[in-house]
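Residue numbers (the working numbering), protein chains in the order written: chain A, 19 to 169; chain B, 8 to 174. Beneath this line is the structure, given in structure tokens, with notes to follow.
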Amino acid sequence: MRRTVLGLALLSVALLVGCQESGRGLLVSDVRVGAPAGPNAALYFTVTNRGDEPDRLVGATTDVAERVEIHETTMDDDGTMRMQAVAGVDAPINQTVALEPGGLHVMLVGVERLDEGESVDVTLQWEVAGDLDVVAEVVAPAETMADDHGQ
Amino acid sequence: MIEEPTPKPSFTLTDTDGRTYDFAAETEGKLTLLYFGYLNCPDICPVHLAQIAEVFEREPDVARETEVVFVSVDPDRDSPEAIREFLDNFDGDFVGLTGTRDELDAAQTAAGVPPAVLEGEGDDYTVEHAGWVIAYGADALNHAIYPFGVRQSEWVNDLQILAEIEG
Chain A
19 MRRTVLGLAL LSVALLVGCQ ESGRGLLVSD VRVGAPAGPN AALYFTVTNR GDEPDRLVGA
79 TTDVAERVEI HETTMDDDGT MRMQAVAGVD APINQTVALE PGGLHVMLVG VERLDEGESV
139 DVTLQWEVAG DLDVVAEVVA PAETMADDHG Q
Chain B
8 MIEEPTPKPS FTLTDTDGRT YDFAAETEGK LTLLYFGYLN CPDICPVHLA QIAEVFEREP
68 DVARETEVVF VSVDPDRDSP EAIREFLDNF DGDFVGLTGT RDELDAAQTA AGVPPAVLEG
128 EGDDYTVEHA GWVIAYGADA LNHAIYPFGV RQSEWVNDLQ ILAEIEG
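Written out as structure tokens, the structure is:
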């Protein structure tokens, strides 16, 4: 339930600020990366698939990191957090998928120093839509949370 | 908030200056937030710490009453210097601790969290760890546990209440 509400909230934020990038029916918005405190940073965004084919994020590239991986953080019943690499992120037709803290993120491994307010060029690689260039805003780590972002 | 608070654990680790840090003694009489994490964690660890740091900026009175203790559960990769640098991104007063794997396991067990597990090979292993912040009042009792996903407004509200608890 919480996820649904969050999804709607994100969608409305996206509608308010307008989508940042779109291509082949994919609307990508709210692209943000938390200013890294350690060797890695996490990139988050929201994608809505308004196309007529299901799509899938299969990778990403950026000049500011040594390597990019798609990761998912999950929580066990006992509260233990586990982060693991996943092969991709599905973007089903007519659905909005949010990459957000505690869930899915694109991990920038070996990232260079990034300060709040900077912009980072990232290319998102989609199975159907192909390469999609987006600009991520570097935000304070606490502001990567969907709840707090954009308020 | 926990209805029947449990006592603050006893464990000894090493801080980022290389000093021995007796958790119960060093944090005596203070609101204490204890978090086990690791530096390569880009997702939830920085968010927890950044949220707390933001509350401290807004509420200096709460900050003065509170000790934030970050324990790295990844001693092979996280040097004391790297832990200090990591924490300084949030708040220079946050305490960073490290230890041997055995000492860290003992600390996590004492605090009632499942000891972190390293997963994967080589340099790219990930760490499974308890993702929650444990709050002890000035009375040395555990009054609240914060899983990941706490809103900023909840932190502001709760830390003010927790800071009122007298030792």
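C-beta atoms are modelled at their ideal positions from N, C-alpha and C, and glycine is treated no differently.
CB-CB length for residue i against residue j, believed under 8 Å
| i | j | result |
| --- | --- | --- |
| residue 70(B) | residue 63(B) | 4 Å |
| residue 126(A) | residue 80(A) | 6 Å |
| residue 122(A) | residue 90(A) | 5 Å |
| residue 160(A) | residue 129(A) | No, residue 160(A) and residue 129(A) are not in contact; Cβ-Cβ is about 18 Å, not under 8 Å. |
| residue 102(B) | residue 22(B) | 6 Å |
| residue 86(A) | residue 78(A) | 5 Å |
| residue 51(A) | residue 138(A) | 6 Å |
| residue 111(A) | residue 71(A) | 7 Å |
| residue 156(A) | residue 134(A) | 6 Å |
| residue 97(A) | residue 47(B) | Wrong, their Cβ atoms sit about 20 Å apart, outside the cutoff. |
Extent of the continuous alpha helix (DSSP H) run through residue i
| i | result |
| --- | --- |
| residue 32(B) | 30–33 |
| residue 164(B) | 159–171 |
| residue 9(B) | From DSSP, residue 9(B) is part of no alpha helix (DSSP H); its letter is neither H nor E. |
| residue 96(A) | Neither: residue 96(A) is in no alpha helix (DSSP H) and is coded neither H nor E. |
| residue 42(A) | From DSSP, residue 42(A) is part of no alpha helix (DSSP H); its letter is neither H nor E. |
| residue 116(B) | 108–117 |
| residue 92(B) | 87–95 |
Residue i burial status per 10 Å Cβ neighbour count (16 or more: buried)
| i | result |
| --- | --- |
| residue 159(B) | buried |
| residue 67(B) | exposed |
| residue 128(B) | exposed |
| residue 120(A) | buried |
| residue 27(B) | exposed |
| residue 164(B) | exposed |
| residue 107(B) | exposed |
| residue 158(A) | buried |
| residue 47(A) | buried |
| residue 115(A) | buried |
| residue 153(A) | exposed |
| residue 126(B) | exposed |
Residues of its chain near residue i, where Cβ-Cβ distance is below 8 Å and the 5 sequence neighbours each way are ignored
| i | result |
| --- | --- |
| residue 150(B) | 8, 9, 12, 142, 143, 144, 169 and 172 |
| residue 45(B) | 52, 79, 80, 81, 84, 85, 123, 134 and 136 |
| residue 131(A) | 54 |
| residue 113(A) | 66 and 67 |
| residue 65(B) | 163 |
Close-in-space but distant-in-sequence residues of the same chain around residue i (CB under 7 Å, 5 per side omitted)
| i | result |
| --- | --- |
| residue 43(B) | 78, 80, 115, 120, 123, 136 and 137 |
| residue 19(A) | For residue 19(A), the predicted structure reports a pLDDT of 42, less than 50, and the residue's modelled location is therefore unreliable. A value from the coordinates is still provided. Around residue 19(A): no qualifying Cβ. |
| residue 110(B) | 20 |
| residue 105(B) | 20, 21, 79, 82, 85, 87 and 90 |
Span of the beta strand (DSSP E) around residue i
| i | result |
| --- | --- |
| residue 149(A) | 148–157 |
| residue 58(B) | Per DSSP, residue 58(B) belongs to no beta strand (DSSP E); it is in the alpha helix (DSSP H), 51–65. |
| residue 177(B) | The shown model of chain B, from 8 to 174, leaves out residue 177(B), and the question about it has no answer. |
| residue 126(B) | 124–126 |
| residue 75(A) | 73–80 |
| residue 149(B) | 148–153 |
| residue 125(A) | 122–129 |
| residue 132(B) | Residue 132(B) -> no beta strand (DSSP E), and no H or E assigned at all. |
| residue 105(A) | That residue, residue 105(A), is in no beta strand (DSSP E); it is neither H nor E in DSSP. |
| residue 104(B) | 102–105 |
| residue 59(A) | 58–67 |
| residue 138(A) | 137–144 |
CB contact check: residue i to chain A, cutoff 9 Å
| i | result |
| --- | --- |
| residue 167(B) | no |
| residue 63(B) | no |
| residue 80(B) | no |
| residue 136(B) | yes |
| residue 49(B) | yes |
| residue 99(B) | no |
| residue 83(B) | no |
| residue 60(B) | yes |
| residue 103(B) | no |
| residue 116(B) | no |
| residue 112(B) | no |
| residue 133(B) | yes |
Below-9 Å beta-carbon distance, residue i vs any chain B residue
| i | result |
| --- | --- |
| residue 100(A) | yes |
| residue 132(A) | no |
| residue 220(A) | Given a span of 19 to 169 for chain A in the structure shown, any question on residue 220(A) remains unanswerable. |
| residue 73(A) | no |
| residue 48(A) | no |
| residue 58(A) | yes |
| residue 81(A) | no |
| residue 108(A) | no |
| residue 31(A) | Because residue 31(A) sits at a pLDDT of 47, beneath the cut-off of 50, its placement in the model cannot be relied upon, and the following sentence gives the value as read from the coordinates. So, not an interface residue. |
| residue 127(A) | yes |
| residue 52(A) | yes |
| residue 96(A) | yes |
| residue 120(A) | yes |
Sequence-distant residues of the same chain with beta carbon closer than 6 Å to residue i, five excluded per side
| i | result |
| --- | --- |
| residue 31(B) | 15 and 17 |
| residue 100(A) | 92 |
| residue 139(B) | 152, 153 and 154 |
| residue 40(B) | 75, 140 and 142 |
| residue 93(B) | 46 |
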